[in-house]
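J.: Below you'll find the structure I mean.
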Amino acid sequence: MNPLEYKNFYDKVGRLNGWDFSQLKVVSEGKQWDFYNEVTQRCKKSDLLLDIGTGGGERLLSISESALLLVGIDNSNGMVQTAAANLHKSNKSNVRFLQMDAANLEFPSSFFNMVTCQHSHFCSEEVAKVLVQEGWFLTQQVSNNDKFNIKQAFGRGQQFGADEGILKDKYLSELARAGFTEIQFYEYDATEYYESYEDLVFLLKYTPIIPDFGACDDDFNILQKFIADNQTAQGIRTNSNRFMLIARK
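Counting with our numbering, you get residues 5 to 253 for the letters of the sequence shown.
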């Protein structure tokens, strides 16, 4: 997908589902952390927190008691609409959602104690600009080999064929240039077992793992064969490959 296609995709998904995958029936083996648990372990109740690429705001709302003020931004109007609806239903008074480009953070300098970003693009210089001295930045990103057997089956997919570690190296270099120190890198490659065909359809429909999934009639035939080849007693097997960067300004 090019940038415009990604934007249109996330706008559509944002209006339909936000970034809520809680209904998926999936078991993971080898997952080494939960990103927002890592966030709350470092967050103080007096902190101001910015979440970049917040999606429908589901996870940010779930940690609202961990900080004084939490602001979630997303460049997708559809996502922000869903986040606003989720906020209204939650009755949380210390959470805000705004539509904003991560490459142009419209906040005062040194405003936030913590900035977070899960599975979204960010600009290291912009993060450094709005973060206080000694503030924390945490990001979790999707590694190249995530859902590798699914991409192999379709012959296409998110980061499919990209050089190993290219995104990690890019972000490490950019964070260092922006003045971050104590940059820590973690990675895991967990095995996932999805319960049913419907779970995989939902996953592929609402994520960019396989761009334009379903646009081609043969996609569903490929998926059926993939399931037959990867069905196990625990479920339909694939993998979840993630990396996390934790840096201090």
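We treat Cβ as the ideally placed atom computed from N, Cα and C, and that holds for glycine.
When we look at the beta-carbon of L135 and count the other beta-carbons within 10 Å, is it buried (16 or more) or exposed?
T.: Taking the first residue of the sequence shown as position 1, residue 135 is located at position 131. So L135 counts as buried.
J.: Quick one: give me the first and last residue of the beta strand (DSSP E) that D55 is part of.
T.: If you number the sequence shown from 1, residue 55 lands on position 51. Unbroken beta strand (DSSP E) run through D55: L52 to I56.
J.: Alpha carbon to alpha carbon, how far is Y210 from F217?
T.: Position 206 of the sequence shown holds residue 210. Position 213 of the sequence shown holds residue 217. The straight-line gap from Cα to Cα measures roughly 9 Å.
J.: With a threshold of 6 Å on Cβ separation, who are the neighbours of G239 within its own chain once the five nearest residues in sequence on each side are excluded?
T.: As a working mapping, residue 239 is identified with position 235 in the sequence shown. Here the set comprises Y197, Y198 and E199.
J.: I'd like the list of long-range same chain contacts for L64, defined as Cβ closer than 7 Å, with 5 residues on each side in sequence excluded.
T.: By one-based count along the sequence shown, residue 64 stands at place 60. If we look at L64 and ignore the five residues flanking it on each side, its Cβ neighbours are D55, T58, L74, G76 and V99.
J.: Could you tell me the distance, in whole angstroms, from the CA atom of I187 to the CA atom of L179?
T.: Indexing the sequence shown from 1 puts residue 187 at position 183. Indexing the sequence shown from 1 puts residue 179 at position 175. Taking the straight line from one Cα to the other gives about 8 Å.
J.: With a threshold of 6 Å on Cβ separation, who are the neighbours of Q163 within its own chain once the five nearest residues in sequence on each side are excluded?
T.: Mapped onto the sequence shown, residue 163 falls at position 159. Excluding positions up to five away in sequence, the list reads N148.
J.: Name the two residues that bound the continuous beta strand (DSSP E) containing I250.
T.: Here residue 250 is taken as the residue at index 246 of the sequence shown, counted from 1. Taken as a continuous stretch (DSSP letters only), the beta strand (DSSP E) holding I250 covers I240 to R252.
J.: Can you pull the DSSP bridge partners for I77?
T.: Reading the sequence shown from its first residue, position 73 is the one you call residue 77. Beta-bridge pairing links I77 to I56 and L102.
J.: Taking Cβ to Cβ, would you say G161 is nearer than 9 Å to I213?
T.: Walking along the sequence shown from the start, residue 161 turns up at place 157. Walking along the sequence shown from the start, residue 213 turns up at place 209. Cβ atoms of G161 and I213: closer than 9 Å.
J.: Among Q85, D203, I170 and V84, which residue has its Cα nearest to the Cα of V31?
T.: Here residue 31 refers to the residue found at position 27 of the sequence shown. Among Q85, D203, I170 and V84, the Cα nearest to that of V31 is on D203.
J.: I need the boundaries of the alpha helix (DSSP H) containing E178, first residue and last residue.
T.: Residue numbering aside, residue 178 sits at position 174 when the sequence shown is read from its first letter. Segment I170 to R181, the alpha helix (DSSP H) holding E178.
J.: How many Å lie between L142 and N153 at the Cα?
T.: Counting from one through the sequence shown, the residue named residue 142 turns up at place 138. Counting from one through the sequence shown, the residue named residue 153 turns up at place 149. So the alpha carbons of these two residues sit roughly 28 Å apart.
J.: When burial is assigned at 16 or more other CB atoms within 10 Å of the CB, is L4 buried or exposed?
T.: Coverage of the chain is limited to positions 5 through 253, which leaves residue 4 absent and any answer about it impossible.
J.: With H, G and I counted as helix, E and B as strand and the rest as coil, what does DSSP make of G82?
T.: The residue labelled residue 82 in the question sits at position 78 within the sequence shown. Looking at G82 - three-state DSSP - the assignment turns out to be helix.
J.: With C-beta atoms as the reference, is L52 less than 9 Å away from F115?
T.: Walking along the sequence shown from the start, residue 52 turns up at place 48. Walking along the sequence shown from the start, residue 115 turns up at place 111. Against a cut-off of 9 Å, the Cβ pair of F115 and L52 comes out as a contact.
J.: Out of curiosity, what's the CA-to-CA distance linking L28 and R46?
T.: Locating residue 28 in the sequence shown gives position 24, counting from the first residue. Locating residue 46 in the sequence shown gives position 42, counting from the first residue. C-alpha separation (whole angstroms): 29 Å.
J.: What span of residues does the alpha helix (DSSP H) with Q228 cover, start to end?
T.: Taking the first residue of the sequence shown as position 1, residue 228 is located at position 224. Per DSSP, Q228 belongs to the alpha helix (DSSP H) from D222 to N234.
J.: Between the alpha carbons of K96 and G60, how many angstroms are there, rounded?
T.: By 1-based counting over the sequence shown, the position of residue 96 is 92. By 1-based counting over the sequence shown, the position of residue 60 is 56. The alpha-carbon atoms of K96 and G60 are separated by roughly 14 Å.
J.: Comparing the C-beta of K229 with each C-beta of chain D, is any distance below 9 Å?
T.: As a matter of chain content, chain D is missing from the structure shown, which is built from one protein chain.
J.: Under a three-way DSSP split, which group does E129 fall into?
T.: Position 125 of the sequence shown holds residue 129. Correct three-state label for E129: helix.
J.: On a CA-only basis, which of E69, T120 and E62 is nearest H92? Give me that one, please.
T.: One-based indexing of the sequence shown puts residue 92 at position 88. Closest by alpha carbon: E62.
J.: Note down the Cα distance separating V84 from N234, rounded to an integer number of angstroms.
T.: Here residue 84 corresponds to residue number 80 of the sequence shown, with the count starting at 1. Here residue 234 corresponds to residue number 230 of the sequence shown, with the count starting at 1. Taking the straight line joining both Cα atoms gives about 36 Å.
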